[in-house]
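S.K.:
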Amino acid sequence: MLTRLRTSFKGGCYSWLVLGAANAIAATPTLQGQSGYINMPSAVVEADGTFSAGYGYDKPYGSLWATATVLPFLQFTGRYVAISGIQGFSGGYGKDYGRYKDKVADAKLRLWSESDWLPAVAVGATDLLGTELFKGKYIVATKTFGPAHNIEASLGFGRGRPEGPFAGVRWSPQSLPGWSVVAEYDANDYKRDFRANLTSASSREKGPALGVEYRWGWLGAQVARHRNHFSANAYVSIPFSEREFIPKLFEPPYYQPKNAPVRATLAQWQDQPKHSAALIDALARQGFKNIRIEVDGTTFKLSLTSKRISNLGRAVGRASRTALAFAPTGTRAIKVTYTKLEQPVATFEFLDLPTMSDYLTGMVGREAFLQTTVVRYATPADRILIDENQMLLAVGEQGGLNVQVGHEGEMVSAQSEDRETNRFKVVPKASFFFNDPSGALRYEIWAAANYDRRLAEGTYLNAALKLNLFENVSGVTQTSNSLLPHVRSDVAEYKRGSRLKLNRMLVNHYALPAERVYARFSAGLYEEMYRGLGGQVLYLPRDSRWAADFAVDALEQRGFKGWFDKRDYRTVTTLGTMHYRLPYDMTVSARAGRFLAGDKGARFEFKRRFRSGIEIGAWYTRTNGRDTTGPGTPAEPYYDKGVFLSIPINSMLPSDTQAVAGVAISPWTRDVGQMVATPGDLYEMLEDPRRDLTAYDGLGNFAERRDEQKLDVITQPVRPLPSAWPAFRWRLEQSVSNSPTLPQWAGGALLGGGAILAGAALDKPVDRIIRKHADSRAANAYGNVGKAMPWLLAGAAGSAIAFGDDRMQNMGIISLQSIAGAAGVSMATKRLVGRARPYEERGAFSSSGKRSDASFPSNHAAVAFAAVTPFAQEYDAPWLYGLAAVGAMGRVADRQHWVSDVVGGGLVGYAIGSWLWQAQREDPRSRLAITPGRKELSVTWSTTY
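Numbering (the numbering used here), first residue to last: 41 to 985.
1. Mapping the DSSP letters down to three states, classify tyrosine 230 as helix, strand or coil.
2. Is histidine 813 buried or exposed, if buried means 16 or more other CB atoms sit within 10 Å of its CB?
3. What is the residue span of the beta strand (DSSP E) that asparagine 273 lies within?
4. When DSSP labels each residue in this structure, what does leucine 739 get in the three-state scheme?
5. Verify whether the separation of the beta carbon atoms of phenylalanine 501 and leucine 509 is less than 7 angstroms.
6. Just the Cα atoms here: how many angstroms apart are serine 346 and glutamine 411?
7. What does a CB cutoff of less than 6 angstroms around glutamate 457 pick up in its chain, not counting 5 residues either side in sequence?
8. Using the three-state DSSP reduction, which class does leucine 722 fall into: helix, strand or coil?
9. By DSSP, does isoleucine 853 sit in helix, in strand, or in coil?
10. Nearest to alanine 215 by alpha carbon, out of Glu224, Ala188 and Ile179?
11. Would you identify the three-state DSSP class for tryptophan 256, choosing helix, strand or coil?
12. So what does DSSP say about isoleucine 349, is it helix, strand or coil?
13. Using the Cα positions of asparagine 299 and serine 397, report the straight-line distance between them to the nearest angstrom.
14. With a threshold of 16 other CB atoms inside 10 Å of the CB of valine 252, please say whether the residue is buried or exposed.
15. Are the Cβ atoms of leucine 722 and glutamine 576 separated by less than 7 angstroms?
16. Taking all protein chains shown into account, decide if proline 293 is buried (16 or more other Cβ within 10 angstroms of its Cβ) or exposed.
17. On a CA-only basis, which of Ile426, Lys380 and Leu505 is nearest lysine 465? Give me that one, please.
18. Please list, in chain order, all residues of the same chain as leucine 114 whose beta carbon is under 6 angstroms from its beta carbon, the five residues on each side excluded.
19. Let me know the secondary structure DSSP gives valine 246 once reduced to three states.
20. Helix, strand or coil: which one does DSSP assign to proline 468?
21. Once you ignore the five residues that flank glutamate 676 on each side, which residues in its own chain have a CB closer than 7 angstroms to its CB?
22. To the nearest angstrom, report how far apart valine 592 and glutamate 724 are at their CA atoms.
23. Using a threshold of 7 angstroms, state whether the C-beta atoms of glycine 874 and alanine 860 are closer than that.
24. Taking C-beta to C-beta, are serine 866 and proline 910 nearer than 7 angstroms?
25. Please check the pair alanine 207 and tyrosine 225, which I expect to be a contact at CB under 8 angstroms, by giving their CB distance rounded to whole angstroms.
26. I'd like the ranges of any beta strand (DSSP E) spanning at least 3 consecutive residues and lying wholly in the segment 488-535.
27. Kindly indicate which residue of Ile705, Gly953 and Ser350 has the alpha-carbon position closest to the one of alanine 837.
28. State the beta-bridge partners of alanine 122 as determined by DSSP.
29. Measure the CB-CB distance between alanine 917 and glycine 357 and report whether it falls below 7 angstroms.
30. Assign lysine 681 to one of two classes, buried (16 or more other C-beta atoms within 10 Å of its C-beta) or exposed (fewer than that).
31. State the Cα-Cα distance for the pair glycine 930 and asparagine 899, rounded to the nearest angstrom.
32. Report, in whole angstroms, the separation of the C-beta atoms of aspartate 711 and arginine 528, which I expect to be a contact under 8 angstroms.
33. In whole angstroms, what separates the C-alpha of arginine 354 from that of aspartate 696?
34. Contact check, glycine 81 vs valine 180 under 8 angstroms by CB: the rounded distance?
35. When DSSP labels each residue in this structure, what does arginine 648 get in the three-state scheme?
36. Look at the alpha carbon of arginine 325 and the alpha carbon of isoleucine 331, and state the distance between them as a whole number of angstroms.
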């Protein structure tokens with residue numbers, strides 16, 4: 041499979057940072073990257089946010105690997121393994137490819153951490169996807185010993201790779217800091233490896249290995265001796281959980297009031313433009329753009345954006361401090377609106393300026409200041425239109441072309457930019473492509489010339505020229521054999537086109553039609569391969585956990601020359617996306633709709649953001665495209681997937697910046713599940729300022745006071761999942777203590793029995809009617825409704841947990857556990873009664889040939905009534921019972937159940953739903969429940985954050 045490494049190649053003179061972090065947490069990776077010993081794993085999962093990358097050689101295997109602890113208990117490893125002795129391709133084609141290479145993905149989950157008496161225990165799996173040449177699974181326990189806990193021992197058992205029992209020991213002598221001695225019993229059965237008879241693996245056996253390793257700061261290395269050969273491993277481990285890697289030594293100070301001129305009166309401010317010009321100049325010198333000023337009586341209004349300061353609260357704090365020094369006398373309030381591409385995002389209202397001044401100078405605390413401050417989402421009314429004088433000031437300060445080295449993390453760049461973000465910039469870039477049969481590594485190095493121009497309010501022209509300097513991608517000789525439209529797989533033809541190309545020339549218009557609703561319209565050349573027109577609408581609810589957007593693009597494939605030529609292919613892509621934030625600052629995005637090749641399906645994206653701002657993520661796309669291009673087959677078609685890493689440069693620079701370096705690894709000659717390069721994704725544009733706005737009090741590092749630098753609102757600690765035990769215990773106790781009494785059970789049984797007998801009287805007459813119309817379209821459609829209704833209602837309960845308030849979340853949890861309990865009781869009763877279904881034609885009171893699939897009671901009816909009962913009783917909505925009954929009767933229409941089956945199932949669901957609602961409705965804060973069933977235990981858990 042051909043794979044792409046896409047990167048915006050940035051770097052300055054800060055590689056020394058790796059050597060300078062002597063106190064960073066060191067990793068202990070194996071030759072394959074997972075934490076452990078030499079080849080064998082341990083139960084250790086490195087500190088949350090640790091990212092390690094290295095190269096290990098253990099004859100005949102060379103592994104280039106990367107490992108990340110994406111959650112405190114979950115570790116993922118990706119490795120690129122080359123096997124000596126086996127050619128990648130046979131015959132003349134692929135002769136330059138070299139050794140056989142395989143991509144491998146591993147995972148390790150720690151079940152529990154080490155305690156005083158118990159060892160840490162973890163389970164793991166190797167080679168989860170793809171060819172599965174190194175597939176295996178294992179369980180391992182690890183314990184540390186000694187007063188200094190400097191001796192570590194592990195014992196485990198595996199199937200596949202490793203095979204059988206294995207063990208490992210590490211000793212780190214206190215007298216030799218950084219040094220360790222490691223030993224293991226290697227349980228890999230190398231003779232069973234892929235084509236072992238062609239490599240030195242055939243001569244390797246299970247047995248002991250001994251090694252020595254050294255760690256210094258982020259760097260580490262290991263050398264080990266096996267029975268008849270040596271192995272070596274070298275790596276770097278970076279703690280992504282650190283807020284920043286170096287202090288902001290070169291960060292410009294905030295504005296000093298002593299530098300401000302004498303404050304003008306309101307009349308002078310309105311009559312003499314020089315006063316607003318002075319403020320605009322002071323803000324522009326701090327890097328603010330799109331500056332708009334308006335005086336409304338005694339309220340001073342300001343809107344602006346910053347392309348440099350990464351924290352929203354800090355940017356607004358600096359702007360507010362400056363506005364306070366320049367505002368005309370008599371000003372009683374200041375309102376600052378932060379914008380993106382002139383669209384209001386967040387508004388900060390400061391209603392007591394003396395208190396604000398005292399807070400900025402450290403004379404009053406944050407709580408007192410918050411009493412006089414309003415932080416909220418911006419509305420269209422917060423927009424300030426630019427007047428003629430401000431526009432002249434903005435465009436009159438166009439700077440010359442400056443060559444900068446190490447600016448915002450870029451090696452070198454030449455750029456010119458004014459106060460309205462009109463910009464011209466030239467910067468070098470690079471892409472790498474590997475795993476092509478005609479050459480394992482392909483590269484492309486080019487110069488990008490970007491031109492951005494403000495055309496009108498919210499309307500921008502974005503253009504990019506690309507000049508190829510060095511590349512060998514055009515040397516790819518394998519033509520695409522994809523059966524789908526070649527929406528991406530002809531990439532080599534594009535690389536063989538002109539050296540100078542117009543990669544992008546696009547007009548984007550942005551709008552805020554309503555509060556928390558953003559829109560974009562785009563037209564022009566989107567990217568190297570496509571042009572067209574389209575748009576996107578984004579909705580941001582007040583509940584900061586989720587957001588939704590919808591994008592439509594009508595596209596035409598561009599020609600290989602890279603100018604205005606075209607190809608015959610045209611398509612329309614439509615994608616609806618739901619973004620949802622989870623604990624540990626994780627975000628899950630689900631995109632569904634029509635992709636570039638016309639295939640329909642869904643793309644799932646997961647990413648974790650660490651305290652440093654670095655993000656690690658992956659995506660997986662599943663569509664009906666059925667890509668059978670190898671390694672895909674008709675039975676197992678290929679689905680698009682990839683991983684990415686996003687690095688904010690400010691974590692590695694001595695000054696703040698919003699610049700981000702991104703790396704993505706994905707197939708580059710695949711057509712399934714592909715998307716057009718977005719011309720300006722709204723969610724990506726607003727994700728960071730929205731996160732800052734909704735975090736704690738929304739002010740962030742507003743005042744930059746030394747005494748506040750350890751506050752949670754500034755340090756942004758990781759918010760883990762809370763302990764499950766208190767909620768678990770409370771719900772269990774409440775359910776048991778509120779169980780129906782014996783008289784209540786007896787009374788309910790009598791009423792339920794009477795209802796079931798009444799239903800039984802209708803069994804045969806109703807079934808005779810249904811049998812006559814069994815093949816009608818209406819009966820089939822109604823039967824499908826009956827099948828789908830429990831799933832829809834369960835999904836609605838899940839949605840209540842995900843998107844509802846505390847009260848609705850609690851009802852959602854009760855609903856889901858009622859579903860689990862009702863399903864358990866229903867399935868157990870089926871086995872006891874064993875009644876035949878109507879379609880078996882055995883009669884209403886005969887036994888079924890398969891008791892586990894018996895008719896009484898209806899499981900669908902039980903689930904439907906269990907799902908709706910908590911909501912119906914909590915919100916006084918009896919119509920929900922009608923909805924459940926209509927769905928349940930669909931099972932009768934499909935001749936899957938008798939009427940009495942549906943009545944019995946409905947009673948089971950109603951009884952369990954009512955019981956759990958009555959027991960647990962008073963504590964919406966609880967987020968965990970347990971429901972026992974026959975031979976099973978159902979657990980439901982949720983939390984607010």
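Every residue, glycine too, gets a C-beta built ideally from N, C-alpha and C.
M.R.: On the basis of the data shown:
1. helix
2. exposed
3. Segment 270-279, the beta strand (DSSP E) holding asparagine 273.
4. coil
5. Reading the sequence as shown, one finds leucine at residue 501 and not phenylalanine. No, Cβ-Cβ distance for leucine 501 and leucine 509 is not below 7 angstroms.
6. 26 angstroms
7. Arg463
8. helix
9. helix
10. The amino acid occupying residue 215 in the given sequence is serine; alanine does not appear at that position. Selected option, being the one with the closest Cα: Ala188.
11. In the structure shown, tryptophan 256 sits in a strand (DSSP, three-state: E or B).
12. Coil, per DSSP.
13. 16 angstroms
14. Exposed, since its Cβ has fewer than 16 Cβ neighbours within 10 Å.
15. In this structure, leucine 722 places its C-beta atom within 7 angstroms of the C-beta atom of glutamine 576.
16. exposed
17. Leu505
18. Leu149
19. Note on residue identity: the sequence assigns lysine, not valine, to residue 246. Residue state, collapsed to three classes: coil.
20. strand
21. Same-chain partners within the cutoff: there are none.
22. 17 angstroms
23. no
24. no
25. A Cβ-Cβ separation of about 5 angstroms places alanine 207 in contact with tyrosine 225 under the 8 angstroms criterion.
26. Restricting attention to beta strand (DSSP E) runs no shorter than 3 residues, the segment 488-535 encloses them at 499-511, ordered along the chain.
27. The residue with the shortest Cα to Cα distance from alanine 837 is Gly953.
28. Alanine 122 is bridged to Gly102 and Lys141.
29. The answer is no: Cβ separation not under 7 angstroms.
30. buried
31. Their backbone Cα atoms lie some 13 angstroms apart in a straight line.
32. 5 angstroms
33. 11 angstroms
34. The residue you asked about is not glycine; residue 81 is proline in the sequence shown. At roughly 6 angstroms, the Cβ-Cβ gap stays under 8 angstroms, so proline 81 and valine 180 are in contact.
35. strand
36. 12 angstroms
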